[in-house]
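Each remark here refers to the structure printed beneath this line.
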Amino acid sequence: MTGSKMLFGCLALIAFLHPLVHVCTSSKCTTPDNQEGRCLDYRKCKPLQEIWQIQYRTATDFYRRSVCRYQGNVTIVCCPNDPNKEKREILIKTVYKYKALRPPYCGFSNVSHTRVVDGKPAELGAWPWIAALGFRNSRNPDKPLWKCGGSLISARHVLTAAHCAHMDGIENIHNHNIAILRLVEEVPFSRYVYPICTKEPLRKSNFVGYNPLVAGWGALRYRRPRRNALMEVQMPVIKNAECKIAYSKFPNAPDITDGIICAEHAQGGED
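As C-alpha cells, this is what we get:
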C-alpha cells in the first residue's frame, strides 16, 4: 500500500512538472545520462553539487531534468548510485566543455535589468563577460594601467578593440576595429564569470529602434576621469544616416559604414 501511494505521488508530479521531471518509482530513478540512482535531497547529492558549482549555467538543463520532486523548499533530485569520482568527471565533461559557447549556454546575466536613464554602477553579476584590460606600467610595474575593456567570448578568448591590442601602432580606426586576445590560461567559469555570445537572428540586425545597455569603466562625460566601478547606461540606437549628419560637422569625421552601430542621447547625457 505504501509503495502504491509513493508511485501515485510520483506520477502526479510527472503530470504537473513534465518535461522537467523524469520517471521514477518509489525512491529509484534514472539520471539524465541514463544512470541508476535514488531520489535524494539535493544537499546530500555530491555529484550534482559538484556539477552545479563548476558549471553553473550549462548544467542548468541537466539539473532540471534531474529533479524527482519538491518537498516544501527542498529539491529532491535523482542522484547516481555510484558517486565514483572518475564517473563524476566523465559526467562533467559530458554536460559541458570549455569551448566558444553558443546559445542558449552563454550570454546570461544574473541580474534583471530595468530601464537605465542615467549611468549607474552595475550590480554584481550583471555583466559576467565584461573584462578589464590592464597594461604594464613603466613607472609602477606593480600597478597596471587599466585602459580598455573587453568581452569574454570563450574560456580563453577576449574580444576587444584593435587599438587596445596595438596602442602604439593603430590610430583613428573606426571600421573593423576589433581584436581577439588569447589568454595564457583558461578562465574558470562561475555565475560571476561567463562568456557572451550573439544569437543567430541578431547577427544581421542593425539594432535601429533598440535601446541596448552599454557597460564599461569609461568616463561618463567627455574629458572626465574613468570610473573605478563598472557602470551601465541605456542608449537608443539610431540610423546611420542620422549619425553621418551629426558627424559631418566635425573635421576628419569617421566613415560611417554598415559595420558601425550608432547610439545617442538626443538631449545629451552619459555615453
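Numbering (mature numbering (1 follows the signal peptide of the UniProt record, and there is no 0)), first residue to last: -26 to -1, 1 to 245. A virtual CB, placed ideally from N, CA and C, is assigned to each residue, including glycine.
Count the other C-beta atoms from every protein chain shown that fall within 10 angstroms of the C-beta of residue i, then say buried if there are 16 or more, exposed otherwise.
i, result
"residue 106", "exposed"
"residue 71", "Because the pLDDT of residue 71 is 44, which lies under 50, any placement of that residue in the model is unreliable, and the question is left without a value."
"residue 223", "exposed"
"residue 124", "buried"
"residue 96", "buried"
"residue 68", "In this predicted model, residue 68 has a pLDDT of only 45, less than 50, meaning its place in the structure is not dependable; the value taken from the coordinates is given anyway. Classification for residue 68: exposed."
"residue 98", "exposed"
"residue 190", "buried"
"residue 163", "buried"
"residue 5", "buried"
"residue 36", "buried"
"residue 140", "exposed"
"residue 182", "exposed"
Determine the extent of the alpha helix (DSSP H) in which residue i is found, giving its start and end residues.
i, result
"residue 2", "Counting along the chain, residue 2 falls outside any alpha helix (DSSP H), though it belongs to the beta strand (DSSP E) covering 2 to 4."
"residue 221", "214 to 221"
So residue i packs on residue j, CB below 8 Å; how close in whole Å?
i, j, result
"residue 111", "residue 135", "The pair is not a contact, with the Cβ atoms about 20 Å apart (cut-off 8 Å)."
"residue 237", "residue 209", "4 Å"
"residue 207", "residue 93", "4 Å"
"residue 233", "residue 149", "6 Å"
Hey, out of the options, whose CA is closest to residue i's CA?
i, options, result
"residue 54", "36, 9 and 191", "9"
"residue 161", "130, 178, 185 and 182", "130"
"residue 127", "108, 153 and 218", "153"
"residue 120", "217, 201, 215 and 207", "201"
"residue 216", "49, 231 and 198", "231"
"residue 100", "116, 113, 83 and 207", "83"
"residue 49", "81, 36, 14 and 21", "14"
"residue 203", "192, 221 and 225", "192"
"residue 167", "102, 183, 108 and 19", "102"
Starting from residue i and walking both ways along the beta strand (DSSP E), at which residues does that stretch end?
i, result
"residue 131", "131 to 134"
"residue 155", "153 to 156"
Identify the residues that DSSP records as bridge partners of residue i: which are they?
i, result
"residue 122", "107"
"residue 12", "2 and 53"
"residue 164", "167"
"residue 190", "205"
"residue 98", "Paired residues: none, contrary to the question."
"residue 45", "48"
"residue 236", "212"
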